[in-house]
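Scroll down for the structure; my scribbles are underneath it.
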Amino acid sequence: MATHAMEGTHAHVHEGHGHDHAHKETFWTKYIFSQDHKTIAKQFLLTGFTAGFIGILLSAIFRLQLAFPDKSFPFLETILGKWAPEGRLDPNFYMALVTMHGTILVFWLLTGGLSGTFANLLIPLQIGARDMASPFLNMLSFHFFFWGTVVLFASFFVETGPAAAGWTVYPPLSALPQAMPGSGLGMILWIVALVLFVVGVLMGGLNYITTVLNMRTQGMSLFRMPLVVWALFTVAVLGLLSFPPAVAAFILLLFDHSLGTSFYLSDIYIAGQALPQQGGNVLLYLHLFWFLGHPEVYIVLLPALGITSELITAHARKPIFGYRIMVLSILGIAFVSFIVWAHHIFVSGMNPLLGSIFTATTLLVAIPSAMKIFNYIFTLWKGRIHLTTPMLFAIGTVSFFISGGLTGFFLGVAPLDIPLHNTYFVVGHFHLVMGVSAVFAMFGGTYHWFPRLWGRMMNERLGYIHFWLTFIGANLVFFPMYYMGFGGVPRRYYAFTEFSFTSQWQNLNVFITVAALITIAAQFIFIYNFFHSMFWGKPAPRNPWKATTLEWSSPVKHLHGNWPGKLPVVHRWPYDYSKPGAPADFIPQYISDEDIARGVRWWEEDFEPLTVIDRAEPEEGEKQAASPEPKPAPAFSPNAKPEEGSSPS
Amino acid sequence: MAAGVTGRGVHPKELLLWLYLASTAMLFAGFTSAYLVQRFHEFWKTFPIPPIFWVNTGVLLLSSLTFSAGRRAFVQGDYRKFRYALMVTLLLGVLFLFGQVVGWQLLVREGLFLAGNHKAVSYFYVLTGLHAVHLVAGLIVMGYWTWRALRYRVGPEQALGLRLAGLFWHALDVLWVYLVVFLQVNQLF
Chain G
4 MATHAMEGTH AHVHEGHGHD HAHKETFWTK YIFSQDHKTI AKQFLLTGFT AGFIGILLSA
64 IFRLQLAFPD KSFPFLETIL GKWAPEGRLD PNFYMALVTM HGTILVFWLL TGGLSGTFAN
124 LLIPLQIGAR DMASPFLNML SFHFFFWGTV VLFASFFVET GPAAAGWTVY PPLSALPQAM
184 PGSGLGMILW IVALVLFVVG VLMGGLNYIT TVLNMRTQGM SLFRMPLVVW ALFTVAVLGL
244 LSFPPAVAAF ILLLFDHSLG TSFYLSDIYI AGQALPQQGG NVLLYLHLFW FLGHPEVYIV
304 LLPALGITSE LITAHARKPI FGYRIMVLSI LGIAFVSFIV WAHHIFVSGM NPLLGSIFTA
364 TTLLVAIPSA MKIFNYIFTL WKGRIHLTTP MLFAIGTVSF FISGGLTGFF LGVAPLDIPL
424 HNTYFVVGHF HLVMGVSAVF AMFGGTYHWF PRLWGRMMNE RLGYIHFWLT FIGANLVFFP
484 MYYMGFGGVP RRYYAFTEFS FTSQWQNLNV FITVAALITI AAQFIFIYNF FHSMFWGKPA
544 PRNPWKATTL EWSSPVKHLH GNWPGKLPVV HRWPYDYSKP GAPADFIPQY ISDEDIARGV
604 RWWEEDFEPL TVIDRAEPEE GEKQAASPEP KPAPAFSPNA KPEEGSSPS
Chain R
2 MAAGVTGRGV HPKELLLWLY LASTAMLFAG FTSAYLVQRF HEFWKTFPIP PIFWVNTGVL
62 LLSSLTFSAG RRAFVQGDYR KFRYALMVTL LLGVLFLFGQ VVGWQLLVRE GLFLAGNHKA
122 VSYFYVLTGL HAVHLVAGLI VMGYWTWRAL RYRVGPEQAL GLRLAGLFWH ALDVLWVYLV
182 VFLQVNQLF
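First to last, the protein sequences are chains G and R.
For the first sequence, our numbering gives the first residue as 4, with consecutive numbering after it.
For the second sequence, our numbering gives the first residue as 2, with consecutive numbering after it.
Below is the structure:
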């Protein structure tokens, strides 16, 4: 194995000081097979956002169907061909759209996109590392993710269409190709895409954990790490423990689907014909799936809340309220998330005693969640709040987490969940609490760290318009769903005009669809702002938000190894904002008390080399690392002590 | 390693491998807990596991021993012994895989197929098959190191890589012992 791969990376890192790299970088090594964590973050962001926007556009199509089930839209036939004959959406394709919308948004945008982007960008930069523990594995992680994306979208182009059994792909619907068109080849592609996705996410996650544990700079103790790093680290551990059992579930599903086993199948009749499969257990799939499925909620949510912590402190110019409590609540949520999964399947048949146990554990989640919300509000309290775009989105995240989270109490309690479970109440709940709230954090994080990614600022005015349209729009879309849910409107239906009790909700469905279309249209403002700012935005200073964390001490222009001189040394916790008696309202983590005493004016140093970091020479140990990679030892030398040669110095 | 790295004893690559092994453990924990959920079902039937799988177990255990002997020889500087030990390890690994294929053929000859409603058999194929897939990865690693050793391309710098290869190989061994004991115990009652 390439024992020296990492040392090799460091080697050319340091050769690159101040001038361009000695070795030639081609388009392929720089943009496609990059091993630089900052480029990989951009790759995840662009792939995740692209997939996410396609997923959101899919919802526009099925929202049209729900609002106007009897109308014909000829343009749909132009786009979708045989899936919308005479401009009316095919019911099977409606199911496929809902399935793909859920899969793309939950996994591709909010797991791969969110964690992939911000873990790659922030972990090395915020803990003061030159790169990830294994840049090669990091590159591989993105490529698995990318090819998973390709396979997933390829399923739109197969004869029988994409998977259509819902994003949870419950058997027997998903396991029997004859059950519906979407359970044919599309289902196989779905499983393959998911397995590629999980491999990618796990490779990333292994790297994040190792990097956080092993690569922190001097002075960066665990309790001096920014909260977003804590969140991303915890999420990597969650993924490591919960994704593999889901892969086991998918593999058994694939065997049932294509190889004639009957792990999940029993007593099934299709069109009056009994199938031979006997003795399988559908509940087994549900348990294996939701053993991932519930931690997955926090795999989405914790990075979002971590990002929110950074945004709220930096833009309210106040230290986070209760840092250690925040860390403990992250860990608490992560732990509890493993013992609540069965609240997703209260209605699927469960011993009532087990139901009450899972009800109790589910309600426990409220405690650390409420601690986080409390701390956000108290951080804002009497802060000097700068209502920048990132701040607005961060407040939006907290707002949706409250309004969506409170309805979690209803659904966490088995007796209330049973009547509500198959209604729109659940749709409203999870869209607000983990969908929209995490998307808002992702938007906020993008606005906040855009200068770090592309060296330019995004347009604030367009950001405001984007925020307000999305914020009002998302509330108008999802709040009425609670009302519909209480009214008993079932979810997953193709047309509500078939029954009198649901057709009276038709006007509300039209209202939701109009709000959704406006909200989706507002996202084009973001797309425009994003790409326009990437090329023509205002050039960003080194620390545009006057933030304290280490990523803002690295030069605007990206370089391998992140810091041109030595690695910054950390002297304080990450939230020294508005410290009484300090000469500025923020003290970066790399500023020591001696630096303050000798009059370093860090708040004026935006484009110049930073006094404390850039002007320092690389340290002795690093100079050694900077020497070219040693040639492989020519032959085995009998007297050497191999164990010492490879241990980290 | 660059200065400023807070490595405390464990090399990052070694930690990476341990974490990878943890995820593999969770994968097989998922499978075996699924097995346990279904084995008390009325349709569940046991079947005799062909003894060759126990022979294979011995072969794989032996390969772990030969690898350890090889690494010890490497540390002591006995390069000749090191190379032989690696070759024997690789050979035993291939032999194990061959033995597994023979075992599966014996099952097929008994009329015990993957497909159908006989879940104990289905699980047996899935679990042993997935282990075999992992073992192929192990054989690639082992083949790589044997190739390097034969080309005299192993020096003190490779100690870490070699140690990690050994860790992976032993883990495949431990995984197999867990699986075969698990499967056998579940035939008993």
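The beta carbon of each residue, even a glycine, is placed where N, CA and C say it ideally should be.
Note that the structure is a prediction, hence the values are computed from the model and not measured.
If you check the CB distance, residue 199/G and residue 150/G come in under 7 angstroms. Rounded to whole angstroms, the gap between the alpha carbons of residue 64/G and residue 36/R is 41 angstroms. In terms of CA proximity to residue 379/G, 314/G leads the group 352/G, 314/G, 278/G. Annotation for residue 144/G: the continuous alpha helix (DSSP H) segment containing it runs 138-157. Using a Cβ-Cβ cut-off of 7 angstroms, residue 118/R counts as an interface residue toward chain G, since at least one Cβ of chain G sits closer than that to its own.
Going by DSSP, residue 119/R is part of no alpha helix (DSSP H) at all; its letter is neither H nor E.
Between residue 232/G and residue 223/G, the alpha-carbon positions lie close to 12 angstroms from each other.
Counted as a single uninterrupted DSSP element, the alpha helix (DSSP H) harbouring residue 355/G occupies residues 355-367. Residue contact check for residue 330/G against chain R: no CB pair falls below 7 angstroms.
For residue 419/G, the closest alpha carbon among the candidates 408/G, 107/G, 350/G, 395/G is that of 350/G. Counting along the chain, the unbroken alpha helix (DSSP H) around residue 510/G starts and ends at 509-539.
Taking 8 angstroms as the Cβ-Cβ cut-off, the region 210-225 of chain G approaches chain R at 210, 212, 213, 214, 216, 217, 218, 219, 220, 221, 223, given in chain order. Straight-line spacing of the CA atoms in residue 188/G and residue 291/G works out to 23 angstroms. Pairing residue 116/R with residue 263/G gives a Cβ-Cβ distance under 7 angstroms. Counting other Cβ atoms within 10 Å of its Cβ, residue 90/R reaches 16 or more and is therefore classed as buried. Using beta-carbon distances, residue 263/G counts as an interface residue toward chain R, with a partner under 7 angstroms. Shown here for residue 193/G: same chain residues with a beta carbon closer than 6 angstroms to its own, the five before and five after excluded, namely 166 in chain order. Where residue 600/G is concerned, the enclosing alpha helix (DSSP H) starts and stops at 596-600.
Here residue 107/G has 54, 55, 57, 58, 61, 155 as same chain residues with Cβ atoms under 8 angstroms from its own Cβ, once five neighbours each way along the sequence are excluded. Residue 39/R carries a helical assignment under DSSP once its states are collapsed to helix, strand and coil. When DSSP states are grouped into helix, strand and coil, residue 326/G belongs to the helix group. Here the region 519-538 of chain G does not lie against the region 547-565 of chain G, with fewer than 3 beta-carbon pairs under 8 angstroms apart.
Excluding residues up to 5 positions away in sequence, 265, 268, 269, 271 lie with their Cβ nearer than 7 angstroms to the Cβ of residue 280/G in the same chain. Close CB contacts of residue 332/G within its chain, under the 6 angstroms cut and outside five residues either way in sequence, are with 371, 374, 375 (chain order).
Cβ proximity to chain R below 8 angstroms picks out 131, 132, 133, 136, 137, 140 from the region 131-160 of chain G. Every unbroken stretch of the alpha helix (DSSP H) spanning 4 or more residues and falling wholly within the region 417-472 of chain G is given here in chain order: 417-423, 427-433, 440-457. In the three-state reduction of the DSSP assignment, residue 277/G falls in the strand class, which pools E and B. The beta carbon of residue 212/G is closer than 8 angstroms to those of 236, 239, 240, 243 in its chain, skipping five residues each way along the sequence.
Closer than 7 angstroms to the CB of residue 284/G there is at least one CB belonging to chain R.
The Cβ atoms of residue 141/G and residue 210/G sit closer than 7 angstroms to each other.
Think of a sphere of 9 angstroms around the beta carbon of residue 266/G: the chain R residues whose beta carbon falls inside it are 35, 39, 120, 123, 124, 127, in chain order. Looking from the CA of residue 337/G, the closest CA among 323/G, 360/G, 308/G, 316/G belongs to 308/G. Sequence-ordered contacts of the region 341-362 of chain G with chain R are nonexistent [C-beta pairs closer than 9 angstroms]. Here residue 589/G carries a strand assignment [DSSP, helix/strand/coil]. Against chain R, a Cβ distance below 8 angstroms from residue 258/G picks out 115, 123, 127. Here residue 87/G is near residue 79/G, since their CB atoms are less than 7 angstroms apart.
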